[in-house]
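In order, the protein sequence lines correspond to chains A and B. Going by this note's numbering, the first residue of the first sequence is number -8, and it counts up by one from there. Going by this note's numbering, the first residue of the second sequence is number -8, and it counts up by one from there.
Number of protein chains: 2
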Amino acid sequence: MSAGPFSLNQWTTRYWPLPDLVAGCAGAGVTGVGLWREPVAEFGLARTAKLVREAGLAVTSLCRGGFFLERGALDDNRRAIEEAAELGAPVLVLVSGGLPDGPGARDVDGARQRVGDAIAELAPYAGQHGVRLAIEPLHPMFCSDRCVISTLGQALDLAERSPAEQVGVVVDTYHLWWDPHAYVDIARAGERIAIFQVADWVTPLPEGVLTGRGMLGDGCVELRRFRTAVEAAGYTGPVEVEIFNTGLWAMPGAEALGLVLERYAEHVA
Amino acid sequence: MSAGPFSLNQWTTRYWPLPDLVAGCAGAGVTGVGLWREPVAEFGLARTAKLVREAGLAVTSLCRGGFFLERGALDDNRRAIEEAAELGAPVLVLVSGGLPDGPGARDVDGARQRVGDAIAELAPYAGQHGVRLAIEPLHPMFCSDRCVISTLGQALDLAERSPAEQVGVVVDTYHLWWDPHAYVDIARAGERIAIFQVADWVTPLPEGVLTGRGMLGDGCVELRRFRTAVEAAGYTGPVEVEIFNTGLWAMPGAEALGLVLERYAEHVA
């Protein structure tokens, strides 16, 4: 069994306008893209759906729903599910959000509980729309301000409250590589793996730690070991490359994509 | 049961000269200090031992041994044990070090194995000197470059290869607060808890992420819950305040200590 085709997550080439990105992917033989809600909304939802469909591109995921402890979160997540459905994206990535403001600001257990409850409530709506929610554990350095779900084990505990076709998990090498239970939990995840994303880990981390992900092969992550592990768990979906990196963002889109494809062949495929 | 007295880790007031720090602690009624090897060596080992002894201060820990994958590490750690013994410090804190350079640079499992082997080899030497090794799990954001031991569970797995009086663990709130298994592992640790350290978690993290620890009460860590948990596990030793923070380091030592003591009373004691 082998993982499916390469997919370019849109945030890897963050400033590449959608029509150029779509044309660039088609020209490079790339068959899948992971899209983000903000640039899709800016270009227009229906217009984006038409653009990718006519180019023959699969939308491998939509990023992202989540941030469940903010006001109006459930409504916003229902809209995200509808957007994923209109784009033909089978997966909506969920980043849970961090600790709440005000009372409860230190109650990490309570926040995790509330996130789990929100996802369980949302799951049937996703199922009705043919969209699978994918809970993404983020690296523990994001626990307070972005995502209280820090390990794959936690994500699985929450996902298992709903049917597997409604809720799965994201396996992202950048967030999980350090976890001593990562490979055991990938095996446990099995059919719950909704999407597999890759980036490398490099130091020093930049201020705010958000935009310092490493180009494939530049860091310490055993990328091929991860790919082999998700395949052994039964995953046959796309391998999405998602790299937040200011240096990469400064490159012309086509050049960045070329570099990503080269490194992907060398370190992941 | 209640945790023992407050102790000031020297790195919290990093630029306070040792004689001033010792006099300042004595004057403020502080009875314990955690020392670091570099400033101790600079002031002189025997001279430091005499200074703290004559001031009636207990040395609650010496920071730090470890960095086991560097050349000459075992010899250096034996010297660190001897230094701790001469200072009367019952505990030598071990920060394991990150991934090695060159071949094996991505082999995180192998690095963890080698760290465990080195600690097991070192343990009897520590026992002979009346010093207890304390394995410190560091936050996973330090996994590649400082410490491949990322969770209390991992630290315990390694500690349990040796007798409890030779090898224990560090419980540091800054590194462990996010871990969904933190409290279960504190209960498991029991008598293995060699030293308890506190700092708060604040964001955004600074570049390099080393010097952005939060003053007690400024962040999201449930400090009192941690103190209660280590006490429930049987810990009666000191509570060492260890905060790496550039803002704090810019304050005069006595003023910084005053602030720490005030916040400690409010948020930890």
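Ideal placement from N, C-alpha and C gives every residue a C-beta, glycine not left out. From a predicted model like this one, the values you see are computed outputs, not experimental measurements.
Buried or exposed: where does B:M(-8) fall if 16 or more other Cβ atoms within 10 Å of its Cβ makes it buried? In the second sequence, counting from the first residue as 1, residue -8 of chain B sits at position 1. At B:M(-8), the pLDDT of 38 sits below 50, so the modelled position is not reliable; the number obtained from the coordinates is stated separately. By the neighbour-count rule (16 or more Cβ atoms within 10 Å), B:M(-8) is not buried but exposed.
Among all the DSSP beta bridges, which residues are the ones paired with B:L9? One-based indexing of the second sequence puts residue 9 of chain B at position 18. Its beta-bridge partners do not exist; DSSP assigns none.
Counting beta carbon pairs with one atom in the segment 80 to 94 of chain B and one in the segment 119 to 135 of chain B, are three or more of them shorter than 8 angstroms? yes
How many Å lie between B:Q1 and B:V189 at the Cα? The count along the second sequence starts at 1 and reaches residue 1 of chain B at position 10. The count along the second sequence starts at 1 and reaches residue 189 of chain B at position 198. Per the coordinates, the alpha-carbon of B:Q1 lies some 13 angstroms from the alpha-carbon of B:V189.
Burial state of B:A32 (16 or more Cβ within 10 Å): Here residue 32 of chain B is taken as the residue at index 41 of the second sequence, counted from 1. By the neighbour-count rule (16 or more Cβ atoms within 10 Å), B:A32 is not buried but exposed.
What residue from A:G47, A:I72 and A:R97 has the CA that sits closest to B:L207's CA? Position 216 of the second sequence holds residue 207 of chain B. Closest by alpha carbon: A:R97.
Best match in B:G249, B:V221, B:V259 and B:R103 for proximity to B:G17 [C-alpha to C-alpha]: Taking the first residue of the second sequence as position 1, residue 17 of chain B is located at position 26. The sequence shown places Ala at residue 17 of chain B, rather than the Gly named in the question. Taking only the C-alpha atoms, the option nearest B:A17 is B:G249.
With burial defined as no fewer than 16 other Cβ atoms inside 10 Å of the residue's Cβ, what is the status of B:Q313: buried or exposed? Because residue 313 of chain B is not part of the residues shown, which for chain B are -8 to 260, the question remains open.
B:V24 to B:P197 span [Cα, whole Å]: Taking the first residue of the second sequence as position 1, residue 24 of chain B is located at position 33. Taking the first residue of the second sequence as position 1, residue 197 of chain B is located at position 206. Using only the alpha carbons, I get a separation of about 27 angstroms.
Do you know how far the Cα of A:G210 is from the Cα of B:I140? Start at 1 with the first residue of the second sequence, and residue 140 of chain B comes out as number 149. Start at 1 with the first residue of the first sequence, and residue 210 of chain A comes out as number 219. Roughly 18 angstroms between the two C-alpha positions.
Which parts of the segment 144 to 217 of chain B are runs of the beta strand (DSSP E), unbroken and 3 residues or longer, counting only runs that do not cross its ends? For the beta strand (DSSP E) assignment, the uninterrupted runs of no fewer than 3 residues enclosed by the segment 144 to 217 of chain B are, from N- to C-terminal side, 158 to 163 and 184 to 189.
Three-state class that DSSP yields for A:V16 in the structure shown: Against the first sequence, residue 16 of chain A aligns to sequence position 25. Residue identity check: residue 16 of chain A is Cys in the sequence provided, not Val. Of the three classes helix, strand and coil, the one that applies to A:C16 here is helix, per DSSP.
Is B:S87 near the ligand FMN, judged by its Cβ being under 6 angstroms from some heavy atom? No copy of the ligand FMN occurs in the structure displayed, which carries no ligand at all.
Quick check: is the beta carbon of B:T194 nearer than 7 angstroms to any beta carbon in chain A? For the purposes of this step, residue 194 of chain B is taken as residue 203 along the second sequence, with counting starting at 1. With 7 angstroms as the cut-off, B:T194 counts as an interface residue toward chain A.
Which bits of chain A does B:D176 rub up against, with CB to CB less than 9 angstroms? Stepping through the second sequence from its first residue, residue 176 of chain B is reached at position 185. Within chain A, no residue has its beta carbon less than 9 angstroms from that of B:D176; the closest one is some 12 angstroms off.
Grab the span of the beta strand (DSSP E) containing B:I110 for me, first residue to last. Position 119 of the second sequence, counted from the start, is the residue given in the question as residue 110 of chain B. B:I110 -> not in any beta strand (DSSP E); alpha helix (DSSP H) instead, spanning V99 to Q119.
Using DSSP bridges, identify the partner residues of B:V230. In the second sequence, the residue the question calls residue 230 of chain B occupies position 239. Beta bridge pairing from DSSP links B:V230 with B:F(-3) and B:F187.
How should A:L167 be labelled, buried or exposed, when 16 other C-beta atoms within 10 angstroms of its C-beta is the threshold for buried? By 1-based counting over the first sequence, the position of residue 167 of chain A is 176. Buried, because 16 or more other Cβ atoms sit within 10 Å of the Cβ of A:L167.
Look up B:M(-8) in the DSSP assignment and say whether it is helix, strand or coil. Start at 1 with the first residue of the second sequence, and residue -8 of chain B comes out as number 1. Since pLDDT at B:M(-8) reaches only 38, below the 50 mark, its modelled position is unreliable, and no value is offered.
For A:Q104, count neighbouring Cβ atoms within 10 angstroms of its own Cβ and tell me buried if that reaches 16, exposed if not. Translated into positions along the first sequence, residue 104 of chain A becomes position 113. When all chains shown are included, A:Q104 counts as exposed.
Per the contact definition of three or more C-beta pairs closer than 8 angstroms, is the segment 162 to 181 of chain A in contact with the segment 168 to 175 of chain B? no
Any idea which residues DSSP pairs B:I126 with across the strands? Within the second sequence, the letter at position 135 stands for residue 126 of chain B. According to DSSP, B:I126 bridges with B:L85 and B:V160.
Considering only residues of the same chain and omitting the five flanking positions on each side of A:T22, which have a CB-CB separation below 7 angstroms? Translated into positions along the first sequence, residue 22 of chain A becomes position 31. Only P(-4), L48 and A49 meet the Cβ criterion.
Between B:S(-7) and chain A, is the shortest Cβ-Cβ distance under 7 angstroms, so that the two count as touching? To locate residue -7 of chain B, count along the second sequence from 1; it is residue 2. For B:S(-7), the predicted model reports a pLDDT of 49, less than 50, meaning its position is unreliable and no value from the coordinates is stated.
Under a three-way DSSP split, which group does B:V221 fall into? Here residue 221 of chain B refers to the residue found at position 230 when the second sequence is read from its first residue. DSSP places B:V221 within a helical segment (H, G or I) once states are collapsed to three.
Run the CB neighbour count on B:Q119, radius 10 Å, all protein chains shown included, and call it buried at 16 or more, exposed below. Numbered from 1 along the second sequence, position 128 holds the residue referred to as residue 119 of chain B. Result: exposed.
Within the 7 angstroms Cβ cut-off, does A:C138 reach chain B? The residue labelled residue 138 of chain A in the question sits at position 147 within the first sequence. By this cut-off, A:C138 is not an interface position.
Of all the CB atoms in chain B, is at least one closer than 7 angstroms to the CB of A:M206? Here residue 206 of chain A corresponds to residue number 215 of the first sequence, with the count starting at 1. Cβ-Cβ to chain B under 7 angstroms: no for A:M206.
Against B:G199, what residues of chain C qualify as contacts under a CB-to-CB distance less than 7 angstroms, listed in chain order? Here the protein chains are A and B, and chain C is not one of them.
Closest Cβ-Cβ distance between A:L90 and chain B: below 7 angstroms? Numbered from its first residue, the first sequence carries residue 90 of chain A at position 99. It does: the Cβ of A:L90 has a partner Cβ on chain B nearer than 7 angstroms.
Please list, in chain order, the residues of the segment 162 to 186 of chain A that have any C-beta partner in chain B closer than 8 angstroms. W168, W169, D170 and P171
When you compare only the Cα positions, how much space is there between B:A256 and B:L214? Along the second sequence, one-based indexing puts residue 256 of chain B at 265. Along the second sequence, one-based indexing puts residue 214 of chain B at 223. Taking the straight line joining both Cα atoms gives about 11 angstroms.
C-alpha distance - A:R216 paired with A:V193, whole-angstrom precision: Here residue 216 of chain A refers to the residue found at position 225 when the first sequence is read from its first residue. Here residue 193 of chain A refers to the residue found at position 202 when the first sequence is read from its first residue. Cα to Cα, the separation comes out at about 18 angstroms.
Please state if the CB of B:A247 and the CB of B:T4 are separated by a distance shorter than 7 angstroms. For the purposes of this step, residue 4 of chain B is identified with residue 13 of the second sequence, where counting begins at 1. For the purposes of this step, residue 247 of chain B is identified with residue 256 of the second sequence, where counting begins at 1. In this structure, B:A247 lies closer than 7 angstroms to B:T4 by Cβ.
Starting from B:T51, trace the beta strand (DSSP E) in both directions and tell me its first and last residue. Within the second sequence, residue 51 of chain B is the residue found at index 60, counting from 1. Segment A49 to G57, the beta strand (DSSP E) holding B:T51.
CB contact check: B:S87 to chain A, cutoff 7 angstroms: Walking along the second sequence from the start, residue 87 of chain B turns up at place 96. False, the Cβ-Cβ gap to chain A never drops below 7 angstroms.
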